[in-house]
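Heads up, the thing below is written out as structure tokens.
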Amino acid sequence: SSVQVSVLGLGAMGSALADALVKAGYATTVWNRSPEKADDLVAQGAEAAATAGDAVRASGLVITCLLDHASVHKVLDPLSRDLAGRTLINVTTTSPAESRELAAWAAHAGVTYLDGGIMAVPQMIGQPGSSLLYSGSADAFHQYKPLLDLWGTSTYFGTDAGLASLYDLALLAGMYVMFAGFMHGAAMVAPAGVTAGEFAALATPWLTAMTGAFQGFAAVIDGGDYAVEGQQSLHFSNLSSLLAASSDQGISTDVVAMVQRLIQRQIDAGHGEEGFARIIESIKQPG
Ligand code: NDP
């Protein structure tokens, strides 16, 4: 490819991203604060830049994969003049507000900005199941899509640079609460002599099958009628037996009690005959 690309930040993730570009034949310049992290990539054919400024000036497309928002500013603030007229794709994890701030900073410096969120671990880059979320410049996304697709499935959400991060964090929120649910179940059976591994063997197919319920809940939520036929009611979804069994096992009830509170608020508001999907109202309107 005739595209010249520079990657700033060669931690676990940045190295994986740069490696995919080098392997695909892109003229790739790399830079890292600790320079030895470039060695493997240089052996594969990447060009090492002595300074971040050299890396920026080497390419029309600059990719940053640094620790956090502050480190991106630390590296790029002194280089705004060099970046002018180039495209910056920042895949460092940032909050929506931080992404919007970087987009404004880039606009002020005359830099085309695309923000990315990586839904993968480094070993997954370029493999099936790897997904990257983007928002910001539509031109940058479309121009560089063939390159971005080397890392995983690329999805673009719109010109608001904060959107990719918002989706990223929303997906992580779902993941962490699901993980906590798994941990709760494992803690519940542990006093019965069940190992976490044995429980995981049961929980994996069960929770995988249960993800099939998401679209059904979504249809109810998007339809705007929580009383539509064919749902499990909030009364039926009472988790008191789950709470009691957890207490009997001598474990914390925090995880289950949190869900029970969301259910109870809707029952207390008179919606007990309506469907379980209604607990989203307890979340949308903090009590
Ligand atoms: P690492 O800790 O492996 O790498 C961090 C990188 O940031 C290194 O290149 C480090 O340089 C650099 N860095 C940190 N602070 C500064 C600074 N002040 N100035 C210059 N460079 C700095 O992290 P990852 O590679 O795993 O993660 C990078 C980004 O990717 C993060 O935002 C992370 O959230 C995101 N991400 C990572 C995933 C993962 O599974 N690893 C998954 C999804 C997103 P040095 O080598 O000199 O310390």
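Residue numbers (mature numbering (1 follows the signal peptide of the UniProt record, and there is no 0)): -18 to -1, 1 to 269. All residues carry an ideal CB built from backbone N, CA and C; glycine is no exception.
Could you tell me whether the segment 131 to 145 touches the segment 113 to 120, where touching means 3 or more Cβ pairs closer than 8 Å? With the cut-off at 8 Å, the segment 131 to 145 and the segment 113 to 120 touch.
Give me the pocket residues for ligand 1, defined as CB within less than 6 Å of any heavy atom, sorted by chain position. Residues flagged by the Cβ proximity filter: -10, -9, -8, -7, -6, -5, 14, 15, 16, 19, 47, 48, 49, 50, 53, 56, 57, 74, 75, 100, 103 and 104.
How would you call residue 16, buried or exposed, if buried means at least 16 neighbouring beta carbons within 10 angstroms? The count along the sequence shown starts at 1 and reaches residue 16 at position 34. Note on residue 16: under 16 other CB atoms within 10 angstroms of its CB, so exposed under the neighbour-count rule.
Cut-off 7 Å between Cβ atoms - residues of its own chain near residue 239, not counting five sequence neighbours on either side: Taking the sequence shown and counting its residues from 1, one reaches residue 239 at position 257. Taken in chain order, the residues that qualify are 225.
Among 161, 2 and 92, which one has its Cα closest to the Cα of residue 64? Against the sequence shown, residue 64 aligns to sequence position 82. Selection 161, 2 and 92 evaluated against residue 64 yields 92 as nearest (Cα-Cα).
Is the beta carbon of residue 35 less than 7 Å from the beta carbon of residue 61? Numbered from its first residue, the sequence shown carries residue 35 at position 53. Numbered from its first residue, the sequence shown carries residue 61 at position 79. Between residue 35 and residue 61, the C-beta gap is smaller than 7 Å, which places the two residues in contact.
List the DSSP bridge partners of residue 30. Translated into positions along the sequence shown, residue 30 becomes position 48. Answer is 12.
Take the Cβ of residue 243 as the centre, count every other Cβ of all protein chains shown within 10 Å, and call the residue buried at 16 or more, exposed below. Looking up residue 243 in the sequence shown gives position 261. Counting every other CB atom within 10 Å of its CB across the protein chains shown gives residue 243 a total below 16, marking it as exposed.
Evaluate contact between the segment 10 to 29 and the segment 156 to 175, counting only Cβ atoms and requiring at least three cross-stretch pairs below 8 Å. In this structure the segment 10 to 29 does not touch the segment 156 to 175; the number of beta carbon pairs closer than 8 Å is below three.
So, do the segment 214 to 221 and the segment 178 to 192 have three or more beta carbon pairs nearer to each other than 8 Å? No contact exists between the segment 214 to 221 and the segment 178 to 192.
To the nearest angstrom, how far is it from the Cα of residue 37 to the Cα of residue 232? Taking the sequence shown and counting its residues from 1, one reaches residue 37 at position 55. Taking the sequence shown and counting its residues from 1, one reaches residue 232 at position 250. Each residue's Cα considered, the two are about 57 Å apart.
CA-CA distance, residue 176 and residue 228? To locate residue 176, count along the sequence shown from 1; it is residue 194. To locate residue 228, count along the sequence shown from 1; it is residue 246. Cα to Cα, residue 176 sits roughly 15 Å from residue 228.
At least three beta-carbon pairs within less than 8 Å, the segment 151 to 158 to the segment 116 to 132: No, because fewer than three Cβ pairs between the segment 151 to 158 and the segment 116 to 132 fall closer than 8 Å, the two stretches do not touch.
Here's the rule: buried if 16 or more other CB atoms are within 10 angstroms of the residue's CB, otherwise exposed. What is residue 19? Taking the first residue of the sequence shown as 1, we reach residue 19 at position 37. With 16 or more other Cβ atoms within 10 Å, it is buried.
Same chain, Cβ closer than 8 Å to residue 74, neighbours up to 5 away in sequence not counted: Counting from one through the sequence shown, the residue named residue 74 turns up at place 92. Around residue 74: -10, 46, 47, 48, 49, 50, 51, 53 and 54.
Which term fits residue 160, buried or exposed, when burial requires 16 or more other beta carbons within 10 angstroms of its beta carbon? For the purposes of this step, residue 160 is taken as the residue at position 178 of the sequence shown. Note on residue 160: under 16 other CB atoms within 10 angstroms of its CB, so exposed under the neighbour-count rule.
Less than 7 Å between CB atoms is the rule here; does residue 97 satisfy it with respect to chain B? Given the protein chain composition of this structure (a single chain), no chain B is represented.
From this set, 254, 250 and 121, which residue's C-alpha is nearest residue 70's C-alpha? Stepping through the sequence shown from its first residue, residue 70 is reached at position 88. It is 121.
Could you tell me which residues DSSP pairs with residue -13 in its beta bridges? Position 6 of the sequence shown, counted from the first residue, corresponds to residue -13. Partner(s): 11 and 44.
Check whether the Cβ atoms of residue 66 and residue 143 sit closer than 7 Å, and answer yes or no. Mapped onto the sequence shown, residue 66 falls at position 84. Mapped onto the sequence shown, residue 143 falls at position 161. Here residue 66 is not near residue 143, since their CB atoms are 7 Å or more apart.
What do you reckon, are the CB atoms on residue 78 and residue 148 nearer than 7 Å? Mapped onto the sequence shown, residue 78 falls at position 96. Mapped onto the sequence shown, residue 148 falls at position 166. Result yes, Cβ atoms of residue 78 and residue 148 sit closer than 7 Å.
Here's the rule: buried if 16 or more other CB atoms are within 10 angstroms of the residue's CB, otherwise exposed. What is residue 28? Numbered from its first residue, the sequence shown carries residue 28 at position 46. Looking at its Cβ environment, which holds 16 or more other Cβ atoms inside 10 Å, residue 28 is buried.
In three-state DSSP terms, what is residue 233? Position 251 of the sequence shown holds residue 233. In this structure, residue 233 counts as coil in the three-state DSSP scheme.
Report buried or exposed for residue 94, applying the criterion of at least 16 other Cβ atoms within 10 angstroms of its Cβ. Taking the first residue of the sequence shown as position 1, residue 94 is located at position 112. Classification for residue 94: buried.
Does the beta-carbon distance from residue 219 to residue 245 come in below 7 Å? Translated into the one-based positions of the sequence shown, residue 219 becomes position 237. Translated into the one-based positions of the sequence shown, residue 245 becomes position 263. A contact, by the Cβ cut-off of 7 Å.
Assuming residue 219 is part of the beta strand (DSSP E), what are its boundary residues? Sequence index remark: in the sequence shown, residue 219 carries index 237 (1-based). Run containing residue 219: none; DSSP gives neither H nor E here.
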